[in-house]
Structure formats: C-alpha cells, structure tokens
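Undergrad: Residue numbers (the numbering used here), protein chains in the order written: chain A, 1 to 337; chain B, 338 to 674; chain C, 675 to 1083; chain D, 1084 to 1492. Glycine is no exception: its CB is placed at the ideal position from the N, C-alpha and C atoms.
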Amino acid sequence: MTNMTMVQALNSALDVAMQRDPDTLVFGQDVGYFGGVFRVTDKLQQKHGARRCFDAPIAEGGIVATAIGMGAYGLRPIVEIQFADYILPAFDQLVSEAARLRYRSGGEFWAPITVRTPYGGGIFGGQTHSQSPEALFAHISGLKTVIPSNPYDAKGLLLTAIEDDDPVIFLEPKRLYNGPFDGRHDQALKTWADHPMGEVPEGHYTVPLGKAATVREGSAVTVLAYGTMVHVALAGIEDSGIDAELIDLRSIVPLDIDSIVASVRRTGRCLIVHEASRFAGFGGELSALVQERCFHYLRSPIARVAGWDTPYPHAFEWDYFPGPARVTAALQRTMEA
Amino acid sequence: MTNMTMVQALNSALDVAMQRDPDTLVFGQDVGYFGGVFRVTDKLQQKHGARRCFDAPIAEGGIVATAIGMGAYGLRPIVEIQFADYILPAFDQLVSEAARLRYRSGGEFWAPITVRTPYGGGIFGGQTHSQSPEALFAHISGLKTVIPSNPYDAKGLLLTAIEDDDPVIFLEPKRLYNGPFDGRHDQALKTWADHPMGEVPEGHYTVPLGKAATVREGSAVTVLAYGTMVHVALAGIEDSGIDAELIDLRSIVPLDIDSIVASVRRTGRCLIVHEASRFAGFGGELSALVQERCFHYLRSPIARVAGWDTPYPHAFEWDYFPGPARVTAALQRTMEA
Amino acid sequence: MSNPTKLSLHVPAPHARPGDPVNFDHLVIPAAGELRCPDIATPESQLRDLPFGLIRVLDAEGRAVGPWNPSLDPDHLRRGLRAMLLTRLFDDRLFRAHRQGKTTFYMKSTGEEAIGAAQSLALNATDMCFPTYRVLSWLMARNYPLIDLVNQIFSNEKDPLKGRQLPILYSARAYGFYSLSGNVGTRIGHAVGWAMASAYKEDDKIALGYIGEGTTAEGDFHEALTFASVYRAPVILCVTNNQWAISTFQGIAGGEATTFAAKALGFGIPGLRVDGNDFLAVHAATDWAARRARANGGATLIEMFTYRAAGHSTSDDPTKYRPADEPKSWPLGDPIERLKQHLILIGEWSEQRHEALVAELTEAVRSAAKEGEAIGTFGKSRPSTREMFEGVYKEPDWRLIEQRRELGV
Amino acid sequence: MSNPTKLSLHVPAPHARPGDPVNFDHLVIPAAGELRCPDIATPESQLRDLPFGLIRVLDAEGRAVGPWNPSLDPDHLRRGLRAMLLTRLFDDRLFRAHRQGKTTFYMKSTGEEAIGAAQSLALNATDMCFPTYRVLSWLMARNYPLIDLVNQIFSNEKDPLKGRQLPILYSARAYGFYSLSGNVGTRIGHAVGWAMASAYKEDDKIALGYIGEGTTAEGDFHEALTFASVYRAPVILCVTNNQWAISTFQGIAGGEATTFAAKALGFGIPGLRVDGNDFLAVHAATDWAARRARANGGATLIEMFTYRAAGHSTSDDPTKYRPADEPKSWPLGDPIERLKQHLILIGEWSEQRHEALVAELTEAVRSAAKEGEAIGTFGKSRPSTREMFEGVYKEPDWRLIEQRRELGV
Ligand SMILES: Cc1ncc(C[n+]2csc(CCOP(=O)(O)OP(=O)(O)O)c2C)c(N)n1
Ligand SMILES: Cc1ncc(C[n+]2csc(CCOP(=O)(O)OP(=O)(O)O)c2C)c(N)n1
Ligand SMILES: [Mg+2]
Ligand SMILES: [Mg+2]
C-alpha cells in the first residue's frame, strides 16, 4: 500500500493493465508524450512506448470509432476524452455502435472498450469544463457507467472496467483528482494523504461493478450519491447532525438496487444527490426505483439535491454547485416531512 | 376544417409557415424534390421553390449546425432528421450549441430552429428506425421538446415551435402519421378520417407549448402519456374498465406540471406510459416529480409502463412495444396496491 | 468592397427528373486503358492526377486493355461472374419475397455487384470488410450459405442474428464481413481502428471500409480518413458512388464540385477513381491498394464509379425522382454483361454455359428460399423471445432478468 | 497475396522535444512574391497548385513584393500594426492578471496577431466572423472597448456576458464577432449557415469561420466544408495552423501527410496557403477570397501558416513538450516586427513613433485594467445571481422560477 491521489491511482491502474495485457493500449488528446492535461497518463508513453500510448487527433467520434474497431479485432483500447463536456461528438458512436454491436451481431462482435473522461464541476471551468452527463449514458442499454469517489475505488474500478467485455464509460470526478472535496470551498484544500481511501495497493486488484459502498451507516435517512457528491453529502450529513446512511453507488449501470432498497426500507426516507442538472437527471430514475420498491416503507417524500436546470455558469460556481448546505437543508426537510 | 392525416397536417403547418414568413425555410435529407421519405414536405419545393425547400447532405450535425447559423443570421430554419435514430450525430450541435447559444452570448445570439424528426416504433423498423430519444433532450437545459399525438395538435404545435425563439425538438410519432394506433396490432388499421382530432383547419392556428390535454377524464388513477402511447394508454384504460384520467403531455419541456399535479392529487394514483426504454427514461423524471409533489395524496406506488432495457428488436416488435395489455395489467396492479 | 452582384443561394439539381430525357452528357468517360498505373511505392505527391482519371480495363468490345489489366486466370473471373449472378438472382427473388409479405424489408445491389465480388476475391480470407448494405456480392464470392441469408431476412427461428436485426443487416465474422447497422457511415472508422489493431499486432491483415457517396458527407468519413492518414493504417476506404442517395443525387454530397476520389488529396493518401461496373478494374485497383497497405504504405481511398440500378429499398420508388429509363442508359453498362462479354471474347465462356449457370444459380436460390420458407417466413417462425433480452451485455443485469420475468419468457 | 513486410503502427512525432535542438529544417519556405495570383474568376480546377505553395508578400528586408502585394495605404497598415500591438500588450497584461488571481483563465494569441487584425480590416463592418479563442486582434482592429474585455475576463458586475461564460469566450455581435464557446470546432458550420442565410436573403454579407489546425480533425470541419461547397456559400474558412494543439503537434492532425490548405481539394473549392505572420499576405488572400465570395464564386479555404508563440493557455507550460527556444526560432518571424519593419522601410513609420505607440497602448491597457479592477476582479464583484437563471430560454419556465426561489435570489 502507498498513498496515492486519484490521478496517481488511475495512472497506476493503466500502468498495471498495460503490463499485464499486451492487448491494452491508451490513446486520446495529449495523453502521449505530455501525459494528459490532468497527468493521468503520465509516463505511460515512456514506459510502454508510443505504440501503446499515443496522442489522438481532436476528433472524439473518431477516437471512439477507432477504439471500437480495435476492440472488434481483439484489443482492449482505453481512450481518454479530455473533458466529459467533449464526449458528445462521440455520443453516436457510443450509443449506436459500441452499445449495440454485441446485440445486433448476434454476439459475433463486441466492443470491450473503456472510455475515461473527467467530469463535474467545482473548478471554475465554466460551461464546458464542468458538466455531468451520466444520465445520458444511463439511458442507453448496452453501456455501463462507472463513477469512483476515491483513489482506491478509482484504481480497482478502472481495472475492472478495462477487463470488462462490454463498453464502459468511466467518469472521473476531476474535482477529486488531487484531494477529497466536500463542497466547503472556503476551507483549506484537503489531500488524499489524510484519507483512508487514499491508501492504494501498487499491484493489481479489482473493485466489482454494481456493488455500492456504504460510506456511513445510519438509521434516519438513506442518502444516495456518487463521485464528488459522496464527499459533499457526507459533509452535509455531518452539519445536519442527522443519523443518515450514505451510499456511494460507484457504478450507476449496473446499479446495486439491492443495497439501495434494503437501506431505504430500513430508514424509511431517502435523499438523492447529484451534480448534474435536476430535470431528467439520474436522480429521477433513482427516485422512481426507490418509490416503486419502497413505497409502503416511505415516511416522507424522496428528495433530490442537484444542479439547477441551467448551463454551468462560470461566475456562479458555488450557487450552482449543490454544496453541503443544500444537502443539510434537504435532510432537515426530509426528516420534518 | 378538413380531415387530414398527421402527415398532411404537418405538411400544412410547413406550408402555412412558409407562406406567412419569408424567413422560414425547410431542408433535410430527401425533403426537396421527393418531398421526404414520409411525404411530410410533399410539394413544398414545387410551391416555394428549391431555395426554400431543398435536399441536404447526409450529415445530421451539419444540417443542425447550418440551421443554427441561419438562425443566428435571423432566419427560422426548419430541418428534418429522417429518423430520430439518426439525430445522434447532431446531438453535440443541439446540446453544446443550439441549447447554449442564447445563454452564453448574454442574449446576443440565439437559435430559433425547429428540428422535426419521426420517432418511435410499431412499424417493424428494427433497431435503427424505432427509437424514442426524448429523455436525452429533456435533460438538456435550453432545449424544448414537443411530441404531438394527433393531426390537430401536430399542426398547431409545429406552428408554435416554428414561431418559438428557442430551439425546439419536434418528435413525430411515425406510427401515427397515417392513422391512430392503439397498439392492437392484430386489428384493422384505423384512419384519421374517423377521429375527431383528424379535423384540422386549413389556415394558421397554434397550440401552446407546456399545456397538456386531458384526453379522458377519470377519478380512479391518472395516466400520463405522449405520442403514440396516448392511444395505447386509452385502449388499455378501456380494456381495464377502470375510470382512469388520461393526460396527453404534448410537450415534455416545457412540462405542464400543474395539470399533472392537480390530477394526481385528485385520483391519488398514477401510471406513466412511454415507448422508450424504461431505465433513466423520461418516466423516471415524471415519477419523481409526482412523488415529490403528491406524496401525501398517493394511495399506491406510481407505476411505469415502458420499453424494455434492450435495443429495439426487429422480430419481437410486439413483445417490446408496450401495448394495451401491459397498460391494463399495470392499471390493475395500481388499483389493487 | 461594395458588392456589384447580389448574392444568391445555389441548390444543386440533377440533369434529369421524371419526364425529362435521360441526360448523361455531362459525364466525362475516358477510354479504357488510358490511365497510367504507377508503382505501389510511388509517394502520394506524384499521384495527384489519379483522382481525376478513371481506371478502366474492359473496353466496349470486352477486351482487357491497358496498364491496370490484372490478367487474372479464367477460373478467378468465372468465380466473380458466378458471385455477381448469384447476387442478382438472390436479390430478385428476395425482393419479390418482400412483395409477398415474407419479410419486412429488402435492399438490392443491382448494377453494383462487381464491387463486392471483385474485392472479396482480391483480398485474403483473413482480411475484414466493413460493409454497407449494398455489398452482398462480397458474401456470395465467399460462398456464404444462402440459407443463412434467407433465415436472417425472414427473422425466423434459424436467423443467425436471433431476430434482433432488420433484414439484410448481416454479420458474418468468419467470412470477413463486419456487423451492419441501419446507421450509415458509423462503421467506416471501425475499419480504420481494426486495421490499426492489425498493424499494432504486427499482423498481415488489412481492412476494407465501404461508404456510399451520399454518406461521405458525414463527419465519420472525415475522421476515419484522418486516423487512416495519421497512423498510416493498412486500410482501403471505398466510396461506392452509385449516383444516388435515396432520392438525392450525388451533387448534394459534393459531386458537382469535384470527384469523390479527390477527397483523398486532403489527407495525403492516394485516391483512385474506378469504373465500378468493370470487374477487372475494381479487382486491379483493390489489389494495388492492398499491396500498398501490406507494404506499410498506408491507406488508399477508392471511388467506385457506378450506378444504383434498382430502387433504394423496398420502401422506395425511384421513378418518382429520376427518369424511369436512367438505369438502362448508364454509359458504363452492366457489370455482369461486361464480364460475360469478356470471358466469351477470350474463349473462356459461352452463352450456353451462361444459361446453364443462370439455371443452376436460380435453382440454388429457389431451394434456399424454399428451405427458409419451410422454417418460416417473417412472423411465422422466430427465435425464442428470450433472445430479446440476451446479448445486451455479456451477462444480463437485474433489469433484464426482471423484465424477462415480467414478460413471462 | 502473402505479406513480405510485417505491418507496423506509425505514430507521428515532432522533430524536436525539450532538450533537443530546435529543428525547422523540414519546413519548405518559398521566397516572398514567388506564388502566382490568379484572377478571382478562375475555376477551382485551375487552382490546384495553390494549396502546396505559400502566399508571402513581405520579404526578409521588409519589402512588399510579388503579385499578391495588396498595396494598402499606410494608414490602413498603421491601423493593423496598432491592432496587433494592442493585442500583444493586452494579452501580456491580462495573462499576468491571472497569475495575480484576478481571473480564473486566460489565453494569448501571441505570434498570431496578424491573422485577426488583417482579416478584420479586410472585411466589411457587416460581415460576421466565427472566431476561435485566438483571434482577439479582430476585435482590437474594430476598436472594441477594452473595458468590456476586462469586465468579461473578470466576470464582474459589468461583464457583458453576465458571468455566464469562461474568460475570453467573448461575444460581440455589433463588431462582427460571433459567440465563442469552450468546445472547439462546433461553430465552423454556423459560419456556413450564416453565409447561406445571407445568400438566401440576396444580401451582400459574407462570413469568416476560424478553426485551429488541430481541430480540423473534427467531423464538424468536414461537414462545414461539404455544405459550403454544395451550396456555394459566401464564406471564408480559415485554418489557423499554429503548429500546436496544446501539447500535440500538427502531424497528429494530418500535417505530416499534406498541407491543411489541401483539404480544399476534396471539396472543389480554392485552397490558399498563407504566411500567417505576414500582415500583407493575410490581407491579400482574405481580400481575394472575399471578392470571390461576393461575386457568388462560393467558399475558399485558407490555411494560415503561423506559430503559437505562447503556451496554450494559463493552464499550460509548453516547455514540457517542445524546446523552450522554438518560438523565437520560428522561421517566419514575428508579425508585429515584420509589419513595423515594412512601414519603416517605406518611410511611413519610425522607431520613435513605434515607442510612442507602445507607450500609448500600454497606458490604454493599464487604465482599462485598472478600471476593471475598480469594478472588481474575479470573485470580488459579479453580476446578480439572478443572471444564472436568465437566458436559458427567452422566458424562464416554472423549473427556473422555482429554483431561483429555492436559492432565494
Ligand atoms: C446516420 C444516418 N442518416 C440517415 C440515414 C437514412 N438513410 C438510409 S440510406 C440513405 C442514403 C445513403 O446513400 P449512399 O450513402 O449514397 O448509399 P447508397 O444507398 O446509395 O448505397 C439515407 C439517407 C441513415 N440510415 N443513417
Ligand atoms: C470538442 C473539443 N475537444 C477537445 C477540447 C480540448 N481542447 C481545447 S483547445 C484544444 C487544442 C486545439 O488546438 P487547435 O485547434 O490547433 O487550436 P489552437 O489552440 O492551436 O489555436 C483542445 C484539444 C475542446 N475544447 N473541445
Ligand atoms: Mg449512393
Ligand atoms: Mg493549433
């Protein structure tokens, strides 16, 4: 075990995968010589050669299309989309091709690709360096969507995603790359060095998809979150003094429905927290599922804390970003209701 | 008033708009000389000239990008995407550009464009001529999404969409183009001639966005639907013998939340019906909204009838398509629960 | 900088619409054998005239002439003729099957059979093509079982694609035929990725990606060309310019301004323009590009200049937008007739043998159709409904298991 | 068809990385005045050599030579010099402002100032440019108020974009400057649509669309070129080839295989390749394309051959991926120095006047910065939080009204 930031943990996962499997390769914009704008592919080209880690043209659709073709041949390509905001030019390739290939070909071809991309806000990135597109992918049958919240999970989930034979969208909460962030933006930056989940094995290990983690046990209300919002929700729970149970979904497809239902049936209350815009966001699906399966156990309405239904506004970062105060207030409403 | 099919009503809306406003023009694949693969633009080129109604290259992204530029200049372009399954190459243009232009430019530029596209199943179109992508658009702040269920609404809503200064995604239920369809696929085809909403004024009129229509009044349960599913839900209600209230949303953004909440508070029960895959579909948002606003009025869990979480399978059309029997069964479960 | 002339919007239109006399006068058709055939090692900078020429081998009399003459042995040519004929006859029969309600959809490749057939025979068994829906002759040339085609078209119990896919959107990995989809253009980049993978593995396989001339307008085409050029992928990218995209003529895709082969010039790769109805020319150009690719010379773009003689699909009536007699007036003739004429001319074929072959293949198609009908036409027989829930992922998750249970299958 | 050579994957690499000596030996730089200047009415088929040449007017001594010499009057040239200088000085000051925490982000156009400046002056006030984030000099040449730039960069109360947009992603409709966004490439098609609209209205306005050489890999670029060619849109499409895309050299975008101007050949439109650091050459090429467009001659693609002298943005350190002294070694020099040298040579400028101008503009920038700082730097002042909820739609719907209420603003 060593202490790693999420960037180092992801870099280690890629390095381990490339060492173990000669059919894995990494490409994307600026990932080669430079090592990626967030340094996640740092030194991979030096270690594994330009053949296995190289820069790609600025063509997200082409990057994913090329990866699908490589996957069909038998490789396991891992591509980086520089920001999740820029994954949309590849949306058709992901939805119409990667997600459908196995099904429509009767199992003759499939796309064992991993698409890594930093997502989410909290970095004053403005409209096009801050968005959270997970709901768009969750709706697509044939895709898996994974969102880690800490270095240990990030490495284990990424290795699982790479070894998975289905296409995986791997959303990396960029605000957590170099330290945990609980939304208290006016306080000193924290580092992963002081966080238990910053302890990461150097070698190979996996964290399964579809298994949520209970970050905090509690009896009063179940809080569902993923990515950066896991830390924000925890802060909001602490401030509220409410004995909430916090579940980190870790992957939204596959979704760990059993853990969710078991917890809500125990607590009788539920709050869903995500960064993405609220309307038709993934919180809608979570709310519907919980409501369908826990109706008679619910003592108050399932609540949602999410981004507003606006583009991500540069100057209003902390008015848009759903911080701990909004979580606390929602928890209180949920308990009172 | 004359009797029109939905195709004729849409064609009439385009013709009226082009007559009234010289800044409206129509383009898309095969919409010019040929008049569109579904005939919606039939004779528009003959009447208004190739300058105002012309064929476009097979480049959905380019079609939408060009329309946005025309809109920024001051025109009101109306484009056709041949099938909603093929709108994804234009997804980035719709989300990153059309939806954001007004906001990010501080109101200096906007995209008063209308993007028409046939969507939905029931025609044995297989995986790529049957999909319902409305949830993907509903999540995008800055876009409006409209889905008519009959000729009268289709014409009035399309005219409103064209005159609207925001970008509108106009989803046309292709299974309803030439007659109402209630999902009873083994019965004789119906025509709009026998349907009251097939009576359509020849001239200009509008149907507002954001106003749902109550198709059937009832006291036992509220059924929310749009597009083809309005007719299917009605058939399912009839078969069930349950006194359900059926609401046709007509536009999902803007959404007529008031009518929905008022009805559910009255009935205390709710069923949501859509054709799209269930997981993270628009039904999730509807369920969450109803649950948040009607929690203390609900007597049974809000239920969803939707497409399965698979690609749209050619040979299994009627196993995939959510027909009246599934609506009836869900209504019964909802009443018993 | 004031403006003398008012601006006006140019909207391209074809030379003839229904009611007009057929008009191909604008087509410049160089004589067979005219264009030079450079060595495969020639740098692209010395090949920039090729996209504006037309590689033709068979002349009007059916002689094979000029530097591109592949001098293939007669058996090879007869295999090609057989594949083209079989495609033509199969298309006709299954198109009729649609009219008879035996299937939901069909698309013919009539007039374009030389392309898939010659390329299938020019490339190796281990190479992979990324087809459009109009290269059935690729499979015919590799003796793909007719019954598997019929079963897929009928979506019956024996459908190799398990009822999940629209008719004719085949997948045949063992025959070097990648999975088709209704979306056009989205697989051209897969061909490039597959070829890059082959190069990555220091393998010797190459890829062939097809795209229609109308679909070249998609960004996918440009991105595929970019990757192919940048990484020197061993891939042949083939634009089948059959003049039409449903009702839209090739001018709307850019054909009024230049050739489709000229798109290669923007990427520094060779661009060849080929008479797509000339089996020998298609074979020779494909072989040239394949040898260049296998020698690490990278990608070649080939425009196959041809004509879509039939309607776009069973949903289409071409007499609505082009003169009814345009197909039979195509100046480059019919690929089957032209190869037949050549074989007879060189004394390797005869009218009698041709009739016998037609009879044999007609029977082969008939019996395959009958066999498929016995299993079941569309709706009469189909795979287990469970197949609807299989193959979404390698393993179904709880959603699919619950939904399958809800449906009771 | 067995394979002698094993396939291998080619990954392009630049000629020099940090630690290596700068190496521009591979660049072929024709002499100024060498390339012919055809009449604007010349058909594209007779222009196919141009994408491989380089339009240059200013020679090493600063003389304006050759057929492309636009012979502009000295006032016009001084306006250009002023715009370029102002851009350079403004960039330096606001870049420092970022280091001082006064803004969250900044991007310079150092070394590329000639492009926006010359094109802004070559086109009409009513024309519209669809910029990249690297053409600030367009606005400077049109005297856009510096204070509005500063306020936008500080996202303060007076920010014309109301705090919604990242610094430097300006929008200035009245100055012919379309709304920028962080996504690259997505507006190039808007330029074509805008130009088509102008033609549709029989107007006389033309559009200018910018795209970086790295971004030419996006499908958007291809689709824009396709529409521009098919409908003969009155648009100039401009590739600013500054050799780098963040850390990625132009070879990864296809520059190893051919020129970016050559992309025009695939669409049958003229492709001009221009010394982007030569104000006169940029002006002349732009004027040529503009006259052609206004005469209904359609679109022209121009590659501006230049060099990104600064880092990509405030988030970038170029010494990590290229030799530190590469910028000052660029063989085509500095656009400001070159125009200054020319003006002095023709007796229309002097070191003294230059120093005076630098002093004047430095002060103008300083006072604008100070004025902006007085209103407030980032975080110290900002527009009303209500602006977050405005402008999503023309009129907010219930969701935005409720959410604004929930936030209590
Ligand atoms: C992405 C996408 N857009 C539109 C369509 C509808 N469509 C199906 S075939 C076709 C025409 C294709 O023409 P071309 O590329 O020339 O191929 P051809 O049919 O002539 O072989 C169109 C527009 C589609 N299938 N996919
Ligand atoms: C669609 C999209 N993909 C990726 C990025 C990230 N990105 C921002 S600038 C840039 C490099 C652009 O290079 P180039 O086009 O050469 O323009 P330059 O910065 O050199 O002017 C990249 C990759 C983006 N902003 N948008
Ligand atoms: Mg075609
Ligand atoms: Mg660049």
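#1: Below 8 angstroms between beta carbons is the criterion; list the residues of the stretch 98-124 of chain A that meet it against any residue of chain C, in chain order.
#2: What residues from chain B crowd round Gly183 of chain A, counting only those whose CB sits closer than 7 angstroms?
#3: Could you check whether the Cβ of Phe632 of chain B sits closer than 7 angstroms to any Cβ belonging to chain A?
#4: Between which two residues does the alpha helix (DSSP H) containing Lys144 of chain A stretch?
#5: At 7 angstroms on the CB atoms, spell out the chain C contacts of Asp165 of chain A, in chain order.
#6: Determine the burial state of Arg345 of chain A: buried for a count of at least 16 other Cβ atoms within 10 Å of its Cβ, exposed for fewer.
#7: Output needed for His569 of chain B: all residues of its chain with C-beta closer than 8 angstroms, excluding positions within five of it in sequence on either side, in chain order.
#8: Between Ala706 of chain C and Val739 of chain C, which are expected to be in contact by the criterion C-beta below 8 angstroms, what is the C-beta distance as a whole number of angstroms?
#9: Within this structure, are the beta carbons of Ala788 of chain C and Asn951 of chain C separated by less than 7 angstroms?
#10: Looking at the secondary structure, which residues open and close the alpha helix (DSSP H) in which Ile237 of chain A lies?
#11: Tyr119 of chain A lies in the beta strand (DSSP E); which residues open and close that run?
#12: Suppose contacts are defined by Cβ-Cβ distances below 7 angstroms. Is Gly620 of chain B in contact with Ala643 of chain B by that definition?
#13: Which residues, in chain order, sit with a beta-carbon under 5 angstroms away from any heavy atom of ligand 2?
#14: Pop quiz: Gln628 of chain B and Ser287 of chain A are said to be a contact at Cβ under 8 angstroms. What is the actual Cβ separation, rounded to whole angstroms?
#15: Could you tell me how far apart the beta carbons of Phe1173 of chain D and Cys1212 of chain D are, in whole angstroms, since I believe they sit closer than 8 angstroms?
#16: Does any C-beta atom of chain E lie closer than 7 angstroms to the C-beta of Phe91 of chain A?
#17: Classify Pro884 of chain C as helix, strand or coil using the three-state DSSP reduction.
#18: From what residue to what residue does the beta strand (DSSP E) around His1425 of chain D run?
#19: For the candidate residues D:Lys1089, D:His1093, D:Pro1097 and D:Ser1091, whose alpha-carbon lies nearest to that of Phe1332 of chain D?
#20: Do the stretch 1282-1290 of chain D and the stretch 1341-1360 of chain D make contact, defined as three or more Cβ pairs closer than 8 angstroms?
#21: Which chain A residues are close to Ile639 of chain B, counting only those with a beta carbon under 8 angstroms from its beta carbon?
#22: Just to confirm the assignment, what range does the beta strand (DSSP E) spanning Gly365 of chain B have?
#23: If you check the beta carbons only, do Ile1458 of chain D and Lys1185 of chain D fall under 7 angstroms apart?
#24: Does any CB atom of chain B fall closer than 7 angstroms to the CB of Pro1243 of chain D?
#25: Could you work out which residue in A:Val253, A:Gly281, A:Lys43 and A:Phe83 is closest to Ala1066 of chain C when comparing CA atoms only?
#26: Taking buried to mean at least 16 other C-beta atoms within 10 Å of its own C-beta, is Asn1226 of chain D buried or exposed?
#27: Can you tell which of C:Gly693, C:Lys680 and C:Arg710 has the C-alpha that lies nearest to the C-alpha of Val948 of chain C?
#28: Taking the alpha-carbon positions, what's the Arg1469 of chain D to Val1492 of chain D distance?
#29: Can you pull the chain B neighbours of Gln1077 of chain C, defined as C-beta to C-beta under 7 angstroms?
#30: Select from C:Asn915, C:Gly1046 and C:Arg965 the residue whose C-alpha is nearest the C-alpha of Ala983 of chain C.
#31: Looking only at its own chain, which residues have a Cβ that is under 6 angstroms from the Cβ of Glu1454 of chain D, when we skip the five neighbours before and after it?
#32: Give the C-beta separation of Met341 of chain B and Pro488 of chain B to the nearest angstrom, bearing in mind that I take them to be a contact with Cβ-Cβ under 8 angstroms.
#33: Taking the C-alpha atoms as reference points, what is the distance between Ser1433 of chain D and Ile1419 of chain D?
#34: With a threshold of 8 angstroms on Cβ separation, who are the neighbours of Asn677 of chain C within its own chain once the five nearest residues in sequence on each side are excluded?
#35: Among residues of its own chain, excluding the 5 on either side of Glu417 of chain B, which ones have a beta-carbon nearer than 6 angstroms to its beta-carbon?
TA: Let me lay it out:
#1: Arg100, Leu101, Arg102, Tyr103, Arg104, Ser105, Gly106, Gly107, Glu108, Phe109 and Trp110
#2: Here residue 183 of chain A refers to the residue found at position 183 when the first sequence is read from its first residue. Result: empty, since nearest Cβ-Cβ is about 22 angstroms, beyond 7 angstroms.
#3: Position 295 of the second sequence, counting from 1, holds the residue named residue 632 of chain B. Chain A, which has a Cβ nearer than 7 angstroms to the Cβ of Phe632 of chain B, makes this yes.
#4: Within the first sequence, the letter at position 144 stands for residue 144 of chain A. Here Lys144 of chain A belongs to no alpha helix (DSSP H); instead the beta strand (DSSP E) covers Lys144 to Val146.
#5: Position 165 of the first sequence holds residue 165 of chain A. Correct list: Lys1068.
#6: One cannot answer for residue 345 of chain A here, as it falls past the ends of chain A, which runs 1 to 337.
#7: In the second sequence, counting from the first residue as 1, residue 569 of chain B sits at position 232. Checking the sequence, you will find Val at residue 569 of chain B rather than His. Answer for Val569 of chain B: Phe518, Asp519, Gly520, Ala562, Val610, Pro659, Gly660, Pro661 and Val664, listed in chain order.
#8: Walking along the third sequence from the start, residue 706 of chain C turns up at place 32. Walking along the third sequence from the start, residue 739 of chain C turns up at place 65. Going by Cβ atoms, the distance from Ala706 of chain C to Val739 of chain C rounds to 5 angstroms, so yes, they are a contact pair.
#9: Translated into positions along the third sequence, residue 788 of chain C becomes position 114. Translated into positions along the third sequence, residue 951 of chain C becomes position 277. Their beta carbons are under 7 angstroms apart, which means Ala788 of chain C touches Asn951 of chain C by this criterion.
#10: The sequence position of residue 237 of chain A within the first sequence is 237, counting from 1. First-last of the alpha helix (DSSP H) with Ile237 of chain A: Thr228 to Ser240.
#11: Mapped onto the first sequence, residue 119 of chain A falls at position 119. Per DSSP, Tyr119 of chain A belongs to the beta strand (DSSP E) from Thr114 to Tyr119.
#12: Mapped onto the second sequence, residue 620 of chain B falls at position 283. Mapped onto the second sequence, residue 643 of chain B falls at position 306. Yes, the Cβ-Cβ distance between Gly620 of chain B and Ala643 of chain B is below 7 angstroms.
#13: A:Gln29, A:Ile58, A:Gln82, A:Tyr86, D:Arg1217, D:Asn1266, D:Val1267, D:Gly1295, D:Glu1296, D:Gly1297, D:Thr1298, D:Asn1325, D:Ala1328 and D:Ile1329
#14: Within the second sequence, residue 628 of chain B is the residue found at index 291, counting from 1. Within the first sequence, residue 287 of chain A is the residue found at index 287, counting from 1. At roughly 6 angstroms, the Cβ-Cβ gap stays under 8 angstroms, so Gln628 of chain B and Ser287 of chain A are in contact.
#15: As a position in the fourth sequence, residue 1173 of chain D is number 90, starting the count at 1. As a position in the fourth sequence, residue 1212 of chain D is number 129, starting the count at 1. Phe1173 of chain D to Cys1212 of chain D, Cβ: 18 angstroms. No contact.
#16: Of the protein chains in this structure, namely A, B, C and D, none is chain E.
#17: As a first step, residue 884 of chain C is located in the third sequence; it is residue number 210 there, counting from the start. The question names Pro, yet the displayed sequence has Tyr at residue 884 of chain C. The answer is strand: DSSP assigns Tyr884 of chain C an E or B state.
#18: For the purposes of this step, residue 1425 of chain D is taken as the residue at position 342 of the fourth sequence. Element bounds for His1425 of chain D: not the beta strand (DSSP E) but the alpha helix (DSSP H), Pro1418 to Leu1428.
#19: Position 249 of the fourth sequence, counting from 1, holds the residue named residue 1332 of chain D. Among D:Lys1089, D:His1093, D:Pro1097 and D:Ser1091, the Cα nearest to that of Phe1332 of chain D is on D:Pro1097.
#20: no
#21: For the purposes of this step, residue 639 of chain B is taken as the residue at position 302 of the second sequence. Chain A residues near Ile639 of chain B: Ala288, Gln291 and Glu292.
#22: Numbered from its first residue, the second sequence carries residue 365 of chain B at position 28. Taken as a continuous stretch (DSSP letters only), the beta strand (DSSP E) holding Gly365 of chain B covers Thr361 to Gly365.
#23: The residue labelled residue 1458 of chain D in the question sits at position 375 within the fourth sequence. The residue labelled residue 1185 of chain D in the question sits at position 102 within the fourth sequence. No; because the gap between Cβ atoms is not below 7 angstroms, this pair is not in contact.
#24: Mapped onto the fourth sequence, residue 1243 of chain D falls at position 160. Yes - at least one Cβ of chain B is within 7 angstroms of the one on Pro1243 of chain D.
#25: Taking the first residue of the third sequence as 1, we reach residue 1066 of chain C at position 392. As written in the sequence, residue 1066 of chain C is Val, which differs from the Ala given in the question. Out of A:Val253, A:Gly281, A:Lys43 and A:Phe83, A:Val253 has the C-alpha closest to the C-alpha of Val1066 of chain C.
#26: As a first step, residue 1226 of chain D must be located in the fourth sequence, where it is residue number 143. Burial call: exposed.
#27: As a first step, residue 948 of chain C must be located in the third sequence, where it is residue number 274. Cα-wise, what sits closest to Val948 of chain C is C:Arg710.
#28: Taking the first residue of the fourth sequence as 1, we reach residue 1469 of chain D at position 386. Taking the first residue of the fourth sequence as 1, we reach residue 1492 of chain D at position 409. Their backbone Cα atoms lie some 6 angstroms apart in a straight line.
#29: Position 403 of the third sequence, counted from the first residue, corresponds to residue 1077 of chain C. Correct list: Trp645 and Asp646.
#30: Walking along the third sequence from the start, residue 983 of chain C turns up at place 309. When each option's Cα is compared against that of Ala983 of chain C, the closest is C:Asn915.
#31: Taking the first residue of the fourth sequence as position 1, residue 1454 of chain D is located at position 371. Taken in chain order, the residues that qualify are Ile1230.
#32: For the purposes of this step, residue 341 of chain B is taken as residue 4 along the second sequence, with counting starting at 1. For the purposes of this step, residue 488 of chain B is taken as residue 151 along the second sequence, with counting starting at 1. Sure, about 5 angstroms apart at Cβ, within 8 angstroms.
#33: Locating residue 1433 of chain D in the fourth sequence gives position 350, counting from the first residue. Locating residue 1419 of chain D in the fourth sequence gives position 336, counting from the first residue. The straight-line gap from Cα to Cα measures roughly 14 angstroms.
#34: One-based indexing of the third sequence puts residue 677 of chain C at position 3. With a pLDDT of only 48 at Asn677 of chain C, under 50, the local geometry of the prediction cannot be trusted, and the value read off the model is given with reservation. Answer for Asn677 of chain C: no residue qualifies.
#35: Residue numbering aside, residue 417 of chain B sits at position 80 when the second sequence is read from its first letter. Closer than 6 angstroms at the Cβ level, and outside the excluded window around Glu417 of chain B, lie Gly365, Val368 and Arg453.
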